[in-house]
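> In this note's numbering, the protein residues as written are 2 to 806. Just so you know, even glycine gets a beta-carbon here, dropped at the ideal spot from N, CA and C. Source: prediction; values computed, not measured.
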């Protein structure tokens, strides 16, 4: 600096930015004759000897970093632009920023955080997918008033779900998490460490997880939960060795507060405008406490347990001093209590052993979601609004693959008071994550795209939190890894298939059927036993399927270009000449292990212009490389299972196909409006099947009649069994074919003549039960094994009867 002061050349002084002179630090200061500090520059040459003022800053601010960097992002997390120097407050004006999403303008604000970072925040209502373009005009100025010379353009991508990997060691629990007003996600979960089980906390800033403090826990933490207090400061609650611990983040470490009590499970939440509330569970009671001025105060009396908990406790805090708590107990009862002045019990719900539940509350609205087993597992949601003490089920069970397991639900309530439910489900060979919103009359899929990346591992408990603008944030645990996904859009779920592809290259000539499946051109056989369908084959699925000895099935429709099916007098869809349907039968050689699934039969049902509908069956070879056309003869083939046993599969003759696909009942059986009335999974896109098929021109738009799925856990055994009989029996047993019984779903029980074959209260003495539970029996064709699901369901229906009309 002395060298700089010694330079007399004035132009060079401009480039020398000197610090301001500090009081009492001038080394040239002396003592005047009056005893006061003298200023040696006070003389005539002071203008020459005095140090010059700091040189002016003439350099424009430069952008140092952008968070998130180029790539995908969540629309509800700020986009941060950090500069190399302090910025002027005028740099954060609304007119400086413009944002487009997929080419459409999106309202956005810009703020100055600290002194060097600009934050761009999109309107909370923003929803959509595609390119996100952010433009900052060259009006950004530093503290000296220097302006940028060129605008800043940031290009990101908004996927339907923004998935963020989490890696803090093997996870032992699904995360508890909150979403701050600025979109920051703060999560806590249990992990396995060298010291044993511990709780960890991290925050998600943009696309990066950052640890908050050290690992927490003493010896064996069993439960962890996190919340933000009334000031937005993180609070973590942990139970360890039977004692509850709650700590507040002080910016550097976790500062432990007084314990709210003893217990083995805990949940913490903060109501809008209120103090933090905890739900603490022990073997004998559930207690709820409120944190006021550092002291835990009781909310209501302790709730004594009639039976220990069998699920995680769930806590909702709709208003200051208000709480809703819930759990499933060991007696398989779902219990929920609402606290106003005192605790009020909402009527318990009988659930399946192992059911999981969550409860949500917002204002006067309360909702619960749980999974229940009915042959397969389905998710049910119910509400108890406005002080109600009984539950009202909301529509049909939430289920994508009706015969598969929908499980582990989570529920939230949006600003309009409508429940939103997230759950996971194994569809075919992939786990899917679904999200649906109750409209007041029906469930609508949100977004359409699965929030769960493809995996075969069954996730554990699902968690759901609504972020800014009620944007869903979903999390789950699978195989020791945490999945956290943040929703971008679209606002309205897309159709399952955008457009109808050409069938070019895939065809079937009924007059000269190909000898090999590969010769049809309808499947790519590149992976042994796992054929990939031609793009022109339109997939579909049914509400209730025909029992085929446990075979897994896939189905496709093939129509001539431009053709559409019409609704026939039998209630089935009618397809034109040249159309054909394809059904694949597959076997899991280790039952329950989807990785062992392999095709064993592919069946074509073809509408020939000369001979009408005909069936053709292809048997796959043991190597899974191709399938051969079978002659017009029914055969049984034993397939080797991984455990050394054999599974017998029935291959029907062509005459068998015609005997079931009789003109008076179809001839198409599964292709009925009521059988198609369901969601379907289109390779990770979950959509309404009738709407998708109508948009593709496969069918015309219809409103299908009510139809009870056999796997509907909320329906009576009678309605479920009638749904089963619709799919397995009614194509033969109806007045226009075998007028012995009328087993169509819409026929009243008293008119079916079923009571002639039922002895109320005694399945074993009922002829219909004997036929369904024996082979040969019913169904008469295509099966060599009794359906255990039908045996159980029919037995429970008859056992519960005291009379039959």
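Scan the stretch 673 to 718 and note each continuous alpha helix (DSSP H) run of 4 residues or more that stays entirely inside, going in chain order.
The stretch 673 to 718 contains these whole alpha helix (DSSP H) runs: 674 to 677, 690 to 696.
> Among the candidates 336, 357, 535, whose CA atom is the shortest distance from the CA of residue 348?
Along the chain shown, one-based indexing puts residue 348 at 347. When each option's Cα is compared against that of residue 348, the closest is 336.
> Since residue 105 sits in a beta bridge, which residues does DSSP pair it with?
On the chain shown, position 104 is the one that residue 105 refers to. Looking at the DSSP assignment, residue 105 forms a beta bridge with 102.
> Apart from the five residues on each side of it in sequence, which residues of its chain come closer than 8 Å, Cβ to Cβ, to residue 556?
Position 555 of the chain shown, counted from the start, is the residue given in the question as residue 556. Closer than 8 Å at Cβ, skipping near neighbours: 540, 541, 542, 543, 582, 583, 584, 585, 671.
> What whole-angstrom Cβ distance do residue 87 and residue 117 have, given they're in contact under 8 Å?
By one-based count along the chain shown, residue 87 stands at place 86. By one-based count along the chain shown, residue 117 stands at place 116. That pair is a contact at about 6 Å.
> Indicate whether residue 376 and residue 77 have their beta-carbon atoms separated by less than 8 Å.
Reading the chain shown from its first residue, position 375 is the one you call residue 376. Reading the chain shown from its first residue, position 76 is the one you call residue 77. Taking 8 Å as the Cβ cut-off, residue 376 and residue 77 do not qualify as a contacting pair.
> Could you round the C-beta distance between residue 799 and residue 775 to whole angstroms and report it? I think they count as a contact, below 8 Å.
Position 798 of the chain shown holds residue 799. Position 774 of the chain shown holds residue 775. The Cβ separation is near 15 Å, so there is no contact.
> For the alpha helix (DSSP H) that contains residue 772, what are its first and last residues?
Along the chain shown, one-based indexing puts residue 772 at 771. Segment 768 to 773, the alpha helix (DSSP H) holding residue 772.
> Alpha carbons only, please: which of 168, 679, 340, 398 is nearest the one belonging to residue 691?
The residue given as residue 691 occupies position 690 in the chain shown. It is 679.
> Does DSSP classify residue 597 as helix, strand or coil?
Position 596 of the chain shown, counting from 1, holds the residue named residue 597. It is helical.
> I need the boundaries of the beta strand (DSSP E) containing residue 1, first residue and last residue.
Since the first residue of the chain shown is 2 and the last is 806, residue 1 is not available in this structure.
> Using DSSP with H/G/I as helix, E/B as strand and the rest coil, what is residue 399?
For this step, residue 399 is matched to residue 398 along the chain shown. DSSP places residue 399 in strand when its eight states are reduced to three.
> Could you tell me which residues DSSP puts in a beta bridge with residue 790?
The residue you call residue 790 lines up with position 789 of the chain shown. DSSP, once it has assigned bridges, lists no residue as partnering residue 790.
> Given that a residue counts as buried once 16 or more other Cβ atoms are within 10 Å of its Cβ, and exposed if not, what is residue 528?
For the purposes of this step, residue 528 is identified with residue 527 of the chain shown, where counting begins at 1. The residue is exposed, with fewer than 16 neighbouring Cβ atoms inside 10 Å.
> Does the distance from the CB of residue 462 to the CB of residue 409 come in under 8 Å?
Position 461 of the chain shown, counted from the first residue, corresponds to residue 462. Position 408 of the chain shown, counted from the first residue, corresponds to residue 409. Yes, Cβ-Cβ distance for residue 462 and residue 409 is below 8 Å.
> Quick check: the Cα distance between residue 230 and residue 259, rounded to an integer number of angstroms?
The sequence position of residue 230 within the chain shown is 229, counting from 1. The sequence position of residue 259 within the chain shown is 258, counting from 1. Distance between the alpha carbons of residue 230 and residue 259: 15 Å.
> Assign residue 656 to one of three DSSP states: helix, strand, or coil.
Here the question's residue 656 lines up with position 655 in the chain shown. Helix.
> Please report the straight-line C-alpha distance between residue 802 and residue 763, rounded to a whole angstrom.
Stepping through the chain shown from its first residue, residue 802 is reached at position 801. Stepping through the chain shown from its first residue, residue 763 is reached at position 762. Spanning the two alpha carbons is a distance of roughly 9 Å.
> Could you have a look at residue 111 and say whether DSSP puts it in helix, strand or coil?
Indexing the chain shown from 1 puts residue 111 at position 110. Here residue 111 sits in strand by DSSP.
> If contacts are defined as beta-carbon pairs under 8 Å, then residue 177 and residue 225 qualify, I think. What distance do you get, rounded to the angstrom?
By one-based count along the chain shown, residue 177 stands at place 176. By one-based count along the chain shown, residue 225 stands at place 224. Yes, they are in contact, since the Cβ atoms of residue 177 and residue 225 sit about 6 Å apart, within 8 Å.
> With a Cβ-Cβ cutoff of 8 Å, do residue 710 and residue 403 count as a contact?
In the chain shown, counting from the first residue as 1, residue 710 sits at position 709. In the chain shown, counting from the first residue as 1, residue 403 sits at position 402. In this structure, residue 403 lies closer than 8 Å to residue 710 by Cβ.
> Is the separation between the beta-carbon of residue 202 and that of residue 187 shorter than 8 Å?
Sequence index remark: in the chain shown, residue 202 carries index 201 (1-based). Sequence index remark: in the chain shown, residue 187 carries index 186 (1-based). Cβ distance < 8 Å, so residue 202 and residue 187 count as in contact.
> What's the gap between the Cα of residue 636 and the Cα of residue 502?
As a position in the chain shown, residue 636 is number 635, starting the count at 1. As a position in the chain shown, residue 502 is number 501, starting the count at 1. Computed Cα separation, rounded: 35 Å.
> Taking Cβ positions, are residue 378 and residue 395 nearer each other than 8 Å?
Stepping through the chain shown from its first residue, residue 378 is reached at position 377. Stepping through the chain shown from its first residue, residue 395 is reached at position 394. No, the pair does not count as a contact, with Cβ atoms beyond the cut-off.
> For residue 806, which residues of its own chain have a beta-carbon under 7 Å away from its beta-carbon, when the five flanking residues on both sides are left out?
For this step, residue 806 is matched to residue 805 along the chain shown. For residue 806, where only same-chain residues beyond five positions count, the Cβ hits under 7 Å are 750, 751, 756.
> Taking only runs of the beta strand (DSSP E) that begin and end inside the stretch 380 to 452, which ones reach a length of at least 3 residues, in chain order?
If we require 3 residues or more, the beta strand (DSSP E) runs fully inside the stretch 380 to 452 come out as 407 to 414, 420 to 428, 431 to 439, 444 to 446.
> With DSSP run on the structure shown, which of helix, strand or coil describes residue 75?
For the purposes of this step, residue 75 is taken as the residue at position 74 of the chain shown. Note: residue 75 maps to coil in three-state DSSP.
> Per the contact definition of three or more C-beta pairs closer than 8 Å, is the stretch 697 to 704 in contact with the stretch 386 to 400?
No, the stretch 386 to 400 is not in contact with the stretch 697 to 704.
> Between residue 239 and residue 222, is the Cβ-Cβ spacing less than 8 Å?
Residue 239 sits at position 238 when you count from the first residue of the chain shown. Residue 222 sits at position 221 when you count from the first residue of the chain shown. Yes.
> Three-state secondary structure (DSSP) at residue 778?
Indexing the chain shown from 1 puts residue 778 at position 777. In the structure shown, residue 778 sits in coil (DSSP, three-state: anything other than H, G, I, E or B).
> Have a look at residue 545 and residue 730 and give me their C-alpha separation to the nearest angstrom.
Along the chain shown, one-based indexing puts residue 545 at 544. Along the chain shown, one-based indexing puts residue 730 at 729. Approximately 12 Å, taken between the alpha carbons.
> Whole beta strand (DSSP E) runs in the stretch 183 to 263 with 3 or more residues, listed along the chain?
Runs of the beta strand (DSSP E) inside the stretch 183 to 263: 186 to 194, 197 to 206, 209 to 212, 222 to 229, 235 to 241, 244 to 250, 255 to 257.
> What is the rounded straight-line gap between the Cα of residue 85 and the Cα of residue 419?
Looking up residue 85 in the chain shown gives position 84. Looking up residue 419 in the chain shown gives position 418. Rounded to whole angstroms, residue 85 to residue 419 spans 46 Å at the Cα level.
> From this set, 708, 295, 642, which residue's C-alpha is nearest residue 673's C-alpha?
If you number the chain shown from 1, residue 673 lands on position 672. Checked all of 708, 295, 642; the closest Cα to residue 673 is 708.
> Let me know if residue 780 comes out buried or exposed under the rule of 16 or more other beta-carbons within 10 Å of its beta-carbon.
Taking the first residue of the chain shown as 1, we reach residue 780 at position 779. The residue is buried, with at least 16 neighbouring Cβ atoms inside 10 Å.
> Should the stretch 489 to 504 be regarded as contacting the stretch 143 to 153, the criterion being three or more beta carbon pairs within less than 8 Å?
No, they do not touch.
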